[in-house]
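Quick notes on the structure that follows.
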Amino acid sequence: EGVIVMRFPVEFPIHTAWLRARISVWTSIAKPFATRGDQFLREASGHAPIDPAAIVTLEVASDGIHWIPVDQLGYGHAGISFNPNDVSRLLKGSREAWVRARLQGSRTWKDEGLVFTQFLRTEAEGSGPAFELDLTGPPAASADPQEPSTSASTSSET
845 EGVIVMRFPV EFPIHTAWLR ARISVWTSIA KPFATRGDQF LREASGHAPI DPAAIVTLEV
905 ASDGIHWIPV DQLGYGHAGI SFNPNDVSRL LKGSREAWVR ARLQGSRTWK DEGLVFTQFL
965 RTEAEGSGPA FELDLTGPPA ASADPQEPST SASTSSET
């Protein structure tokens, strides 16, 4: 199992929070692989380039201790996910956002190791961010209801 943990401290209590993080898992042959020919599918390992037991889980916590899954791919739900996740109720009132990706697998690929679960993978240059976290504080207490709230956001291209 591989684990990636990220902590995002902010200077305000979180009011709303949205998370998008690209996760990938290869548990079965997808159509793009099928067009590459039998040699690619079988290679030296004698089996297709998949891991039926692969699972990737994206989790969020307000304290780095109590993790709650917000997205998961595994057997029967393979491919790529970059879904927007409203995690406001999970982080509301906290001054930290914690994000964790758990990558589990049972099979290695050639000299590359456990490659059938991936976190923050981009397909090509210019394919956009692989990670977006938008944290907004409570509305400012003022006479002007149009005044914006405090916010912080981050995105990353890898």
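Per the numbering used here, the very first residue in the sequence shown carries number 845; after that it's consecutive.
Built from N, CA and C at the ideal position, the CB exists for glycine as well.
In this structure, D930 is the residue among R965, D930 and G949 with its C-alpha nearest to the C-alpha of H859. Our two residues, T980 and K954, have alpha carbons roughly 44 Å apart in a direct line. The residue among R965, M850 and I912 with its C-alpha nearest the C-alpha of I924 is R965.
With a beta-carbon spacing of about 18 Å, I894 and F963 fall beyond the 8 Å limit used to define contacts. L964 sits in coil when the DSSP states are folded into three classes, being neither helix nor strand.
The alpha-carbon of A898 is positioned some 29 Å away from that of D978.
Per DSSP, reduced to three states, the secondary structure at R933 is helical. Burial is judged here by how many other beta carbons sit within 10 angstroms of a residue's own beta carbon; S950 has fewer than 16 and is exposed.
In the DSSP annotation of this structure, W911 is not part of any beta strand (DSSP E), being labelled neither H nor E.
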